[in-house]
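Undergrad:
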Amino acid sequence: MTTIADPSLRQKLSAALAETRLRLLNISRYPGQLAMEIIIPIIFAAMPMLLGRATAGADAAANFEANTGTTNYVAFLLIGASTFTIVTSAFWHIAYWLRFEQETGTLEAVYLTPTGSTTLASGVALYSAVRGVTSSLLAYLIGCVVFQVNPFDGQVLLAFLFVLFGLVPLYGVALLFGAVVLRVKESNALIGLMQWVVAFLMGIFYPIAVLPPLVQTIAKAFPPTWMLNGVRSALLGVGYFFETWYLDMAVLWAFMLFAPLFGFWAFHRVENGIRRNQGMGEF
Amino acid sequence: MAAQTIQAKLLTGAPAWISSLLAMSRKELTIMVRYPVEFVASFGQIFLIVIVLTLAGLMFSPNGVQSGGSRQTSGIVVYGFIVFMFLSDTLWTIGYNVRREQKQGTLEQLYLSPASKSASLVSRVTVTLVWTGLLSVASAALMSVMLGRLPFHNLPLGAFVLVMALSGTFGVGFAFAALTLRIKEAGQTMANLIQFAFMMLCAPFFPFSALPEWIQNISRLIPMSYAVDSFRSTLMGYPEGFPELASIEVEVVIVAAFGLLMPVLGLWLYRREENRARRTGSLSEY
Chain L
18 MTTIADPSLR
28 QKLSAALAET
38 RLRLLNISRY
48 PGQLAMEIII
58 PIIFAAMPML
68 LGRATAGADA
78 AANFEANTGT
88 TNYVAFLLIG
98 ASTFTIVTSA
108 FWHIAYWLRF
118 EQETGTLEAV
128 YLTPTGSTTL
138 ASGVALYSAV
148 RGVTSSLLAY
158 LIGCVVFQVN
168 PFDGQVLLAF
178 LFVLFGLVPL
188 YGVALLFGAV
198 VLRVKESNAL
208 IGLMQWVVAF
218 LMGIFYPIAV
228 LPPLVQTIAK
238 AFPPTWMLNG
248 VRSALLGVGY
258 FFETWYLDMA
268 VLWAFMLFAP
278 LFGFWAFHRV
288 ENGIRRNQGM
298 GEF
Chain G
52 MAAQTIQAKL
62 LTGAPAWISS
72 LLAMSRKELT
82 IMVRYPVEFV
92 ASFGQIFLIV
102 IVLTLAGLMF
112 SPNGVQSGGS
122 RQTSGIVVYG
132 FIVFMFLSDT
142 LWTIGYNVRR
152 EQKQGTLEQL
162 YLSPASKSAS
172 LVSRVTVTLV
182 WTGLLSVASA
192 ALMSVMLGRL
202 PFHNLPLGAF
212 VLVMALSGTF
222 GVGFAFAALT
232 LRIKEAGQTM
242 ANLIQFAFMM
252 LCAPFFPFSA
262 LPEWIQNISR
272 LIPMSYAVDS
282 FRSTLMGYPE
292 GFPELASIEV
302 EVVIVAAFGL
312 LMPVLGLWLY
322 RREENRARRT
332 GSLSEY
């Protein structure tokens with residue numbers, strides 16, 4: 018009887034990077050899609066910006082400051098829309114990866130290889146993070162140029178650290194969502210809804226202080242809310258949840274330890290249940 | 052011979068067209084109800100979009116969420132959003148469905164049947180439009196609760212403008228379906244691009260006065276801009292400065308001409324592209 022040894026860490030890393038490379042190669046064939054990912058957040062941020070300018074006129078910046086803590090509404094809205102791009106990318110890419118493999122009939126075949134789903138999910142997450150962060154960074158920079166504000170105001174490095182440390186718990190949550198898609202199967206509808214739930218909770222165009230207290234508590238249990246507020250506070254000085262940057266960062270670190278473990282646990286649980294019952298290939 | 056004539060009559064004319072449309076719409080409805088999560092999700096999604104945009108707009112009000120916003124601002128956002136929802140449905144759904152048939156490998160078979168091609172195209176969006184109508188009413192009600200009562204005037208003229216705008220976008224939808232047959236997968240990216248261009252140039256979420264003058268000049272070249280402007284201005288009771296692009300009489304004439312001529316042009320383009328695809332054998336290619 019032939020037995021297959023468990024892959025070593027090096028082999029796992031190689032498989033994850035191969036998955037990342039495969040996906041990057043695939044998306045490089047669709048430059049139009051990539052360009053749209055940069056344009057969308059700018060247009061999305063422009064909507065409230067133009068509405069605000071038209072309705073508040075010369076008082077737009079002053080009114081905005083009274084409600085949010087900064088007069089720089091252009092950067093505030095662009096940061097919201099760009100961070101939203103990173104978050105939706107995570108949800109779309111993880112959920113759509115599973116659904117796409119399921120629809121094309123390759124998910125079951127993938128599960129027959131000695132590579133574990135954790136390794137492959139990590140590869141997809143890396144690809145998604147590279148794509149999402151690059152698009153949103155470019156969207157923010159181009160948006161700032163278009164609307165004539167300085168993109169490098171404030172503590173840029175600290176803002177980048179908030180994005181970087183926010184990515185790990187974000188993909189933990191995305192994996193949790195992937196488990197739901199694996200179970201319910203209707204990925205498009207669920208992602209469509211989820212991305213707006215996320216937009217609402219993280220406060221893409223407003224501070225979460227305007228939400229009712231219960232909703233604020235739910236929002237704070239969600240890592241992207243801390244990531245977005247951290248970036249805004251670092252760049253625009255709108256105020257950290259715990260007054261200082263390192264306490265907010267500590268919360269992100271706590272999420273960083275907990276969210277991926279919980280995500281993988283939930284994913285494996287659903288995955289094992291499906292494998293025992295109808296099988297992964299059914300959709 | 053007589054039997055053949057009767058059979059031919061059954062396959063042509065208005066009754067045959069309506070019968071095909073109903074049968075095909077029923078099929079679309081059957082597919083839709085098989086995905087209940089999608090139903091619930093689309094409803095929740097619309098509500099969340101409205102809330103997010105409303106809260107964003109309120110950040111520019113002197114007292115933020117406490118101010119509740121002005122009735123005019125609510126009118127601009129809600130009525131613009133309604134036109135946007137209807138137009139996006141009509142615009143993409145037809146092309147998207149043609150593409151889906153192509154991917155599933157059923158488009159060629161469908162074209163071998165004697166059923167009307169225009170009924171086939173219209174049926175793709177009929178059920179969706181009813182659903183969008185319900186969503187529009189619900190989102191308008193939600194906005195009224197959040198921001199106070201919406202301005203609501205001249206309903207018959209508003210309805211006429213909306214119907215004409217929809218008819219026009221059916222034509223654009225046919226033309227887009229023709230484009231999808233030609234450019235295939237790139238159609239989806241193109242659809243996104245057109246949607247976002249529409250969001251900026253036709254100003255469904257903000258007044259045209261917010262746009263720089265040179266962009267307003269581009270907006271004036273797009274009939275759908277007049278549809279958005281005349282629809283919301285009419286329902287808001289023509290407050291000062293509205294309609295923004297031209298007088299209401301001129302705007303209604305433009306929208307009516309768009310609604311009457313565009314479907315004919317769109318269908319002609321689709322037939323042309325379809326014939327080309329059949330000749331070259333690319334109908335089922337994707």
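Listed in order, the protein sequences are those of chains L and G. All residue numbers for the first sequence refer to my numbering, where the first residue is 18 and numbers rise by one. All residue numbers for the second sequence refer to my numbering, where the first residue is 52 and numbers rise by one. Cβ coordinates follow ideal geometry from the N, Cα and C atoms, glycine included. A quick note: this is a predicted structure, and the numbers were derived from the prediction, not measured.
#1: Would you report the Cα separation of Ala79(L) and Leu106(G), rounded to the nearest angstrom?
#2: For Trp143(G), which of Met83(G), Ile82(G), Ala242(G) has the nearest alpha-carbon?
#3: Does the separation of the CB atoms of Arg40(L) and Tyr144(L) fall below 8 Å?
#4: Within the chosen definition, does the stretch 52-66 of chain L reach the stretch 122-141 of chain L through at least 3 CB pairs nearer than 8 Å?
#5: Just to confirm the assignment: which complete alpha helix (DSSP H) runs, minimum length 4, are found wholly within the stretch 104-176 of chain G?
#6: Nearest to Arg329(G) by alpha carbon, out of Tyr162(G), Arg283(G), Leu193(G)?
#7: Could you tell me which uninterrupted alpha helix (DSSP H) segments, each at least 4 residues in length, are contained entirely in the stretch 230-272 of chain L, listed from first to last along the chain?
#8: Keeping to the same chain, check which residues put their C-beta closer than 8 Å to that of Ala229(G); ignore five residues upstream and five downstream.
#9: Excluding the 5 residues preceding and the 5 following Leu95(L) in the sequence, name in chain order all residues of the same chain whose CB lies nearer than 6 Å to its CB.
#10: Compile a chain-ordered list of the residues in the stretch 23-49 of chain L whose CB is closer than 8 Å to at least one CB of chain G.
#11: Against chain G, does Tyr223(L) count as a neighbour if the rule is that its beta carbon must be under 8 Å from one of theirs?
#12: Can you tell me whether DSSP reads His204(G) as helix, strand or coil?
#13: Under the three-state reduction of DSSP, which class applies to Phe164(L): helix, strand or coil?
#14: Arg271(G) lies in the alpha helix (DSSP H); which residues open and close that run?
#15: Thr85(L) by DSSP, collapsed to three states: which one?
#16: Give the list of continuous alpha helix (DSSP H) stretches no shorter than 4 residues that lie fully inside the stretch 267-333 of chain G.
#17: Taking its Cβ as the centre, do 16 or more other Cβ atoms sit within 10 Å of Asp265(L), making it buried, or is it exposed?
#18: For Leu80(G) and Val178(G), what's the separation of their Cα atoms in angstroms?
#19: Starting from the beta carbon of Ile56(L), find every residue of chain G whose beta carbon is closer than 7 Å, and list them in chain order.
#20: Going along chain G in order, which residues have a C-beta closer than 9 Å to the C-beta of Thr72(L)?
#21: Can you grab the Cα-Cα spacing for the pair Leu334(G) / Arg249(L), in whole Å?
#22: Which residues in chain L sit within 7 Å of Asn338(G), going by Cβ to Cβ distance?
#23: Any beta carbon from chain G within less than 8 Å of Val227(L)'s own beta carbon?
#24: From Leu199(L) to Gly209(L), what does the alpha carbon distance come to, in whole angstroms?
#25: How should Val279(G) be labelled, buried or exposed, when 16 other C-beta atoms within 10 angstroms of its C-beta is the threshold for buried?
#26: Any beta carbon from chain G within less than 8 Å of Ala63(L)'s own beta carbon?
#27: If you measure from the beta carbon of Leu67(L) to each beta carbon in chain G, is any gap under 8 Å?
#28: Taking only beta-carbon positions, decide if Leu210(L) is within less than 8 Å of chain G.
#29: Can you tell me whether Leu231(L) is buried or exposed, with buried defined as 16 or more other CB within 10 angstroms of its CB?
#30: Just to make sure I have the definition right: I need the residues of chain G whose C-beta is within less than 8 Å of the C-beta of Leu207(L). Which are they?
#31: Less than 8 Å between the CB atoms is what I'm expecting for Gly140(L) and Thr37(L), so what's the real figure, rounded?
#32: List, in chain order, every chain L residue whose beta-carbon is nearer than 7 Å to that of Gln96(G).
#33: When the Cα atoms are used, what is the spatial distance from Phe247(G) to Val287(L)?
#34: Does Ile102(G) have its Cβ less than 8 Å from a Cβ in chain B?
#35: Could you tell me which of Ile234(G), Val173(G), Ile102(G) sits nearest to Leu73(G), measuring between CA atoms?
#36: Please name the residue, chosen from Pro48(L), Lys237(L), Gly256(L), that lies closest to Thr22(G) on a Cα-to-Cα basis.
TA: On the basis of the coordinates in this document:
#1: 17 Å
#2: Ala242(G)
#3: yes
#4: no
#5: 122-155, 158-163
#6: Tyr162(G)
#7: 230-237, 240-253
#8: Gly317, Leu320, Tyr321, Arg323, Glu324, Glu325
#9: Cβ within range, chain order: Ala62, Tyr157, Gly160.
#10: Tyr47, Gly49
#11: For Tyr223(L), the nearest beta carbon of chain G is closer than 8 Å to its own beta carbon.
#12: coil
#13: coil
#14: Element bounds for Arg271(G): n/a, residue is neither H nor E.
#15: helix
#16: 274-286, 299-331
#17: buried
#18: 6 Å
#19: Neighbours of Ile56(L) on chain G, chain order: Phe247.
#20: Gly108, Phe111, Ser112, Gly120, Ser121, Gln123, Thr124, Ile127, Phe257, Pro258, Ala261
#21: 50 Å
#22: The structure shown does not extend to residue 338(G), since chain G is modelled only from 52 through 337, so no value can be given for it.
#23: yes
#24: 16 Å
#25: For Val279(G), the number of other beta carbons within 10 angstroms of its own is at least 16, and it is reported as buried.
#26: Closer than 8 Å: yes.
#27: yes
#28: yes
#29: The residue in question, Leu231(L), is exposed, as its Cβ has fewer than 16 Cβ neighbours within 10 Å.
#30: Val88, Ala92
#31: In this structure, Gly140(L) and Thr37(L) form a Cβ contact; the two beta carbons are roughly 5 Å apart against a cut-off of 8 Å.
#32: Gly209, Leu210, Trp213
#33: Linking Phe247(G) to Val287(L) through their CA atoms gives a straight-line distance of about 37 Å.
#34: Judged by its chain identifiers, the structure shown contains no chain B, and its protein chains are L and G.
#35: Val173(G)
#36: The shown model of chain G, from 52 to 337, leaves out residue 22(G), and the question about it has no answer.
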